[in-house]
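Take a look at the structure below.
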Amino acid sequence: MESAKGAASEEVNQSKSVGESLDEQFLNPTPMLDELEKGPWPSFISGFKELAERTEKPMLRGVMDQLEYSYNTRMGYWKGGLVTVDGYGAGVITRYSMIKEKFPEAAEFHTMRIQPAPGLHYNTKMMRELCDIWEKYGSGLIALHGQTGDIMLQGIEEKNVQQCFDELNQAGWDLGGAGAGMRTAVSCIGPGRCENACYDNLKVHLKVLKHFVGALHRPEWNYKIKLKFSGCPNDCTNSIMRSDLAVVGTWKDSIQVEEDEVKAWVEERGLDALVNQVINLCPTRAISLNNGEMLIESRDCVRCMHCLNAMPKALSPGKERGISLLMGGKNTLKVGVNMGSLIVPFMKMESDEDIDAFIELIEGVIDWWDDNGLDHERIGETIERVGLKLFLEGIGLQADINMVSRPRDNPYFKAKY
Amino acid sequence: MSIEVNGTSYATDENGYLVNLEEWTEDVAKKLADAEEIEMTEEHWNLVKFLRSYYDEYQIAPAVKVLTKAIANEKGMDKKEASEFLYQLFPKGPALQACKVAGLPKPTGCV
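What follows is the structure in structure tokens.
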């Protein structure tokens, strides 16, 4: 491998010196990785090659070579370490090569996590600035967005990290969360572009994350904690499954029905469609027909969103809107995958005072968890270990019949309509 | 790698952490702090000594949470103030800089 690489780069140098580099490739041969380009789907290898050939950054070539080697040996060769910027304890994810003697160009390939704008609303100027700064200091490779919700700037050497951060920060960007602290939050597109949004999740996201910015940059809790803000129970951020604190928009009163639009819908699709695709698919049988008019029994409605999604013009969320707060969602760890449990069935989220009250509640919850949780224990696991009763007493909430453990039967359910 | 203090050579790992915990002296700490561009004040020394005595007792560096709680108790601060105070002393964080100056091994874990 090493000799092949050496030979290849020698060839490049030679041909470049005689000025006949037209057919010469910057990258070394990577037959194993090339397999990943086959098939009709997009390939990260193609993107990687394109970027490497355009920018001729040695770091990108080194990573390709090391990955090719990994595919041959079936071993990974990245190890972690500690790199941060001044005043921050988190935000840079280190990747050092364990075999840098073999692949010196791949010696360092750290990731900088950058917090996205709530709802991922960017303007092109910000994106251009971000890309320019990143190509100046780093590899140019960007994952938009990673599993954490951050913009992942992948591939930078330690010596460039501080300067890169300073410029990004000047342009209005900040590092995301890592380690045992508050993590980068995620929002759906919210009221910016969606009629189902039951509260301004973008505003709440921004305000809450500003409040917890210290805990995000200087992690010192038991373990990570994640907030996700979904505008309605469609839960486009998957908050119930993927966040410790899931803030989901909801309503208290009845679904609003536009009778004219119901008629127009039936005229276009027929009564069969209404019965077969909407009424019969209501999981709680809350919908009936009364002289041709849709009747929704609010008491039975579990806000599964199916009818609203099927008839977006005819039906919309009720007028008395707010949020439900679920806690404890997470992936496998000490105990298996958990979905969040409904802890606060309804909370208004309109005025600044509403948001302040919400922040106060979250602070109390985190304080309790920080004092009572074990090291490396997510909040859902702490609640499960001590029991819901002790948890509710600890944070000063009354038990309520509306605290159901399963707010939605099956979030993967997707009907045809 | 190694550093030299008062004519004696001390082995360090590839990240500049002291290899032998018991070789640590205040002069070595000053040298390590220099490399991090930190000027040691009394507050710095208190923290470093706390880290060392904690390590002596438990054979592991304290979690950041334990560290901030100890500072908060001693200084009568709340946890948030204690955290900011800690990062003022060691801007790159307690794990990266305070442990290094205290001569403790590089903390493991995903931070």
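First to last, the protein sequences are chains A and B.
Number 73 in my numbering belongs to position 73 of the first sequence; there are no gaps in the numbering.
Number 79 in my numbering belongs to position 79 of the second sequence; there are no gaps in the numbering.
Even glycine gets a Cβ: it sits at the ideal position worked out from N, Cα and C.
Only a predicted model underlies this, so the values are computations on that prediction, with no experimental measurement involved.
Scanning chain A for C-beta atoms nearer than 7 Å to the C-beta of B:A33 yields nothing, as the closest lies near 16 Å away.
About 10 Å separates the CB atoms of B:P94 and B:V66; that is not less than 8 Å, and the two are not in contact. With contact defined as three or more Cβ pairs closer than 8 Å, the region 213-233 of chain A and the region 267-283 of chain A are not in contact. Setting aside the 5 residues that flank it on each side, A:Y69 is surrounded in the same chain by M1, Y77, I99, K102, F103, each with a C-beta closer than 8 Å to its C-beta; the list follows chain order. Here A:S97 is bridged, per DSSP, to A:W78. Contact between A:G181 and A:A90 holds: their C-beta atoms lie close to 6 Å from each other, under 8 Å. With respect to A:L308, A:S298 sits apart: the two C-beta atoms are not nearer than 8 Å. Nearest Cα to A:Y96 within the set A:E108, A:S351, A:C301: A:E108. Rounded to the nearest angstrom, the gap between the Cα atoms of A:E53 and A:M64 is 12 Å. Looking at the backbone, the Cα of A:L67 and that of A:R74 are separated by about 10 Å.
When the alpha-carbon of B:D27 is set against those of B:G7, B:D78, B:I71, B:E81, the nearest one is in B:G7. At a cut-off of 8 Å between beta-carbon atoms, B:T68 makes contact with chain A. Flagged as an interface residue toward chain B: A:L82, by a C-beta distance shorter than 8 Å.
Where A:W251 is concerned, the enclosing beta strand (DSSP E) starts and stops at 245-251. Following the DSSP letters along the chain, one finds A:E393 inside the alpha helix (DSSP H) bounded by residues 388-395.
Taken through DSSP and simplified to helix, strand or coil, B:I60 comes out as coil. Between the alpha carbons of A:L168 and A:H376 lies a gap of roughly 31 Å. CA-CA distance, A:Q163 to A:G177, rounds to 19 Å. The region 328-338 of chain A makes no contact with the region 349-362 of chain A: fewer than 3 CB pairs, one atom from each, lie closer than 8 Å. When Cβ-Cβ separations below 8 Å define contact, B:P91 makes contact with chain A. Using a C-beta cut-off of 8 Å, the region 72-91 of chain B makes no contact with the region 1-15 of chain B, since fewer than three inter-stretch Cβ pairs fall below that distance.
For B:Y55, there are no C-beta contacts with chain A under 8 Å, since the nearest C-beta of that chain is about 17 Å from it. Against chain B, the beta carbon of A:W221 has neighbours under 8 Å at K65, listed in chain order. Nearest Cα to A:C194 within the set A:P40, A:D235, A:V266: A:D235. Of the residues assessed, A:L130 falls on the buried side of the cut-off, its CB having 16 or more other CB atoms within 10 angstroms. For A:D132, not one C-beta of chain B is nearer than 8 Å to its own C-beta. Look at the region 201-228 of chain A: the residues with a C-beta under 9 Å from a C-beta of chain B are G214, A215, H217, R218, P219, E220, W221, N222. Contact with chain B is found for A:G87, since one of that chain's Cβ atoms lies less than 8 Å from the residue's Cβ.
For A:I133, the enclosing alpha helix (DSSP H) stretches over residues 124-137. Excluding sequence positions up to five before and after A:E258, its CB lies within less than 6 Å of the CB of A314, all in the same chain and listed in chain order. Along the length of the region 299-337 of chain A, whole alpha helix (DSSP H) runs at least 4 residues long occupy 306-310, reported in chain order. The straight-line gap separating the alpha-carbon atoms of A:G249 and A:L333 is approximately 28 Å. Here DSSP, grouped into helix, strand and coil, assigns A:L153 to strand. With its beta carbon less than 8 Å from one in chain A, B:A95 belongs to the interface. A direct Cα-to-Cα measurement between A:Q154 and A:L206 gives close to 25 Å. Against chain A, the CB of B:E84 has a partner CB under 8 Å away; the residue lies at that interface.
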